[in-house]
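**Q** I'd like to ask you about the structure that follows.
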Amino acid sequence: MLDVIRETVDECNNKIDGVFIDGFVKYGDKKIEYALLIKGYMASISVLSDFTYDFFAIEIDTERTFMFHTNQFQSLDNVISEIKKDLLALSNLGKNEITIS
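Using the working numbering, you'd call the opening residue of the sequence shown number 178 and step up by one each time.
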């Protein structure tokens with residue numbers, strides 16, 4: 178199950194511009210964690226073998242947390258869907274920066 182999660186995150190990372198995997202840890206068949214970076218933001222994804230999913234994102238400079246949630250899903254498909262949704266939202270953060278000249 179956690180191998181499918183890893184494949185999903187890696188596949189999404191390859192398709193979404195600007196999101197970089199900064200760290201990855203797998204705790205046997207119990208838990209998987211990712212640290213992700215994108216233009217001034219850091220995010221964490223954690224998935225337990227019981228389909229508990231945790232996601233948070235912070236702005237690096239201010240350490241302001243603005244995206245976070247923890248859910249326990251009933252199926253692997255639901256976890257994968259949530260990962261894809263969160264990675265897409267994370268990728269949009271880097272695109273929404275305002276530049277003042």
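All C-beta atoms in this analysis are idealised placements derived from N, C-alpha and C, irrespective of residue type, glycine included. Bear in mind the structure is a predicted one, so any value in this text is a computation, not a measurement.
Need the endpoints of the alpha helix (DSSP H) that LYS192 sits in, please.
**A** Segment 179–192, the alpha helix (DSSP H) holding LYS192.
**Q** Give the straight-line distance between the Cα atoms of ALA234 and PHE201, rounded to the nearest whole angstrom.
**A** Looking at the two C-alpha atoms, the distance is approximately 16 Å.
**Q** Which runs of the beta strand (DSSP E) spanning at least 3 residues fall entirely within the segment 182–267, listed in chain order?
**A** Counting only runs of 3 or more, we get 197–204, 208–215, 218–225, 229–236 and 241–249.
**Q** Output the distance between the C-alpha atoms of GLN251 and SER258, rounded to the nearest integer angstrom.
**A** Computed Cα separation, rounded: 12 Å.
**Q** Would you mind working out which of HIS246, ILE215, GLN249 and LEU225 sits nearest ILE237, comparing C-alpha positions?
**A** Ranking the options by Cα distance to ILE237, first place goes to ILE215.
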